[in-house]
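Sequential numbering from 1 applies to the sequence shown in full-length UniProt numbering.
Using N, Cα and C, we set each Cβ at its ideal position, and we do this for glycine too.
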Amino acid sequence: MNVSLKRIQAILIKDYKEFSRNYAISVMTLFPLFFAVLYRSDDAEQAVMYAFIMNFSLAMLTSFVQSCLIAEEKERNTLRSLMMTPASMLDVLIGKSSLVFIISAAVLALATYIFGYDTSNMIVLVAALGISILLYTAIGTICGLYSKSLIEASLATFPVLIIFTMGPFALAFEEDYPFLKVLAYLPSSQLSELLIAIEVGATASETVMPLVIISIWTVVLTVISFILYKKRLMDY
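As structure tokens, then:
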């Protein structure tokens with residue numbers, strides 16, 4: 001499948017214009033910064049709070065914005081027109097994901113700076129957040145393709161916000177409710193575990209498994225988003 005950089009760039013610019021005009025979507029960039037200021041601290045729980053801010057931001061910003069941008073196009077029937085152009089599936093999905101990736105990376109980096117989080121293993125941190133952005137972008141794509149309007153997209157991403165953000169905290173009750181142990185395999189739980197491990201000086205080998213699990217989630221959900229896009233294309 002051919003990938004055209006010009007087509008990807010055109011889709012990216014188009015999405016940027018739509019994003020900048022829609023304040024209901026663009027305002028989401030402020031939430032991670034607000035929470036970074038609100039929960040900024042230097043105590044022993046810094047890694048836990050930082051993990052919460054990152055997980056919340058990924059769900060609230062990355063998934064929500066991606067979902068709304070796609071749903072908005074479906075609502076106006078412009079996604080159908082885009083599907084019928086010579087642009088390949090990869091052109092469309094990469095183009096529509098690039099803006100969200102750039103915005104998410106910039107906002108998360110700024111939130112990290114405001115929060116004052118520092119780590120001796122910056123490479124692992126950047127890798128974990130980069131993979132997580134791809135993961136939540138895929139989730140947003142799936143939610144957007146299943147939604148017919150902005151309102152439906154907002155409702156579709158709400159369970160993502162609740163489950164992926166609160167999942168790591170629910171593990172505190174796993175002794176009383178053993179079935180909650182499955183939440184440990186959520187990408188948000190693995191990201192929290194990774195950040196806490198880095199905080200206590202874990203070795204590189206001890207950070208591999210969380211990265212592998214997050215990567216598996218990313219690959220699986222990305223493949224699902226591709227399959228769903230193809231299905232929508234065939235429906236047209």
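(message) residue 58 and residue 188 - do their beta-carbons sit closer together than 9 Å?
(response) In contact: residue 188 and residue 58 (Cβ atoms closer than 9 Å).
(request) Use the C-beta contact count for residue 128: other C-beta atoms within 10 angstroms, 16 or more gives buried, fewer gives exposed. (result) Answer is buried; the Cβ neighbour count reaches 16.
(request) Count the C-beta pairs between the stretch 174-186 and the stretch 97-111 that are closer than 8 Å, then say yes if the count reaches three, no if not. (result) No, because fewer than three Cβ pairs between the stretch 174-186 and the stretch 97-111 fall closer than 8 Å, the two stretches do not touch.
(request) Hey, could you find the ends of the alpha helix (DSSP H) residue 91 is sitting in? (result) It spans 89-115 - the alpha helix (DSSP H) in which residue 91 sits, taken as one unbroken run.
(request) Compute every distance between the C-beta of residue 212 and the non-hydrogen atoms of the ligand ADP, then say whether any falls below 8 Å. (result) Of ligands this structure carries none, so the ligand ADP is not represented either.
(message) Below 8 Å on the Cβ atoms is my contact criterion, and I expect residue 119 with residue 213 to pass it. Report the Cβ-Cβ distance as a whole number of Å.
(response) Taking a contact as a CB-CB distance under 8 Å, the pair residue 119 and residue 213 does not count as one, their CB atoms being some 20 Å apart.
(message) Within the continuous alpha helix (DSSP H) that includes residue 15, where are the two ends?
(response) Here the alpha helix (DSSP H) through residue 15 covers 5-21.
(message) As a quick exercise: from 69, 9, 211 and 56, pick the residue whose alpha carbon is nearest that of residue 237.
(response) As shown, the chain starts at 1 and ends at 236. That puts residue 237 outside it, with no answer to give.
(request) Check residue 155 in the structure and name its three-state DSSP category. (result) Residue 155 carries a helical assignment under DSSP once its states are collapsed to helix, strand and coil.
(message) Restricting to Cα atoms, I'd like to know which of 168, 139, 184 and 31 is closest to residue 224.
(response) If we check each option's Cα against that of residue 224, 139 comes out closest.
(message) In whole angstroms, give me the CA-to-CA distance for residue 64 and residue 146.
(response) Roughly 13 Å separates the two Cα atoms.
(message) So for residue 174, helix, strand or coil by DSSP?
(response) Coil, per DSSP.
(request) Enumerate in chain order the residues of its own chain whose CB-to-CB distance from residue 193 is below 7 Å, with the five nearest sequence positions on each side excluded. (result) If we look at residue 193 and ignore the five residues flanking it on each side, its Cβ neighbours are 210.
(message) Here's the rule: buried if 16 or more other CB atoms are within 10 angstroms of the residue's CB, otherwise exposed. What is residue 106?
(response) Around the beta carbon of residue 106, a 10 Å sphere encloses fewer than 16 other beta carbons of the protein chains shown; the residue is thus reported as exposed.
(message) For residue 20, count the other beta carbons within 10 Å of its own beta carbon; 16 or more makes it buried, fewer makes it exposed. Which is it?
(response) Counting Cβ neighbours within 10 Å, residue 20 comes out exposed, since fewer than 16 surround it.
(request) Could you round the C-beta distance between residue 60 and residue 161 to whole angstroms and report it? I think they count as a contact, below 8 Å. (result) Going by Cβ atoms, the distance from residue 60 to residue 161 rounds to 6 Å, so yes, they are a contact pair.
(request) Just the C-alpha distance for residue 74 and residue 22, rounded to the nearest angstrom, thanks. (result) Their backbone Cα atoms lie some 15 Å apart in a straight line.
(message) Please classify residue 72 as buried or exposed, where buried requires at least 16 other C-beta atoms within 10 Å of its C-beta.
(response) Sixteen is the threshold: when 16 or more other Cβ atoms of the shown chains lie within 10 Å of the Cβ of residue 72, as they do, the residue is buried.
(message) For the alpha helix (DSSP H) containing residue 179, name the first residue and the last one.
(response) In this chain, residue 179 is not harboured by any alpha helix (DSSP H), its DSSP state being neither H nor E.
(request) Inspect the beta-carbon positions of residue 131 and residue 67 and report whether they are closer than 9 Å. (result) For the pair residue 131 and residue 67, the CB atoms are not nearer than the 9 Å cut-off.
(request) Pick helix, strand or coil for residue 219, following the three-state DSSP scheme. (result) It is helical.
(message) Taking 9 Å as the threshold (C-beta atoms), are residue 93 and residue 229 in contact?
(response) The answer is yes: Cβ separation under 9 Å.
(message) Less than 9 Å between the C-beta atoms of residue 134 and residue 222, yes or no?
(response) A contact, by the Cβ cut-off of 9 Å.
(request) Have a look at 31, 88, 77 and 10 and flag the residue whose alpha-carbon is nearest the alpha-carbon of residue 3. (result) Answer by Cα proximity: 88.
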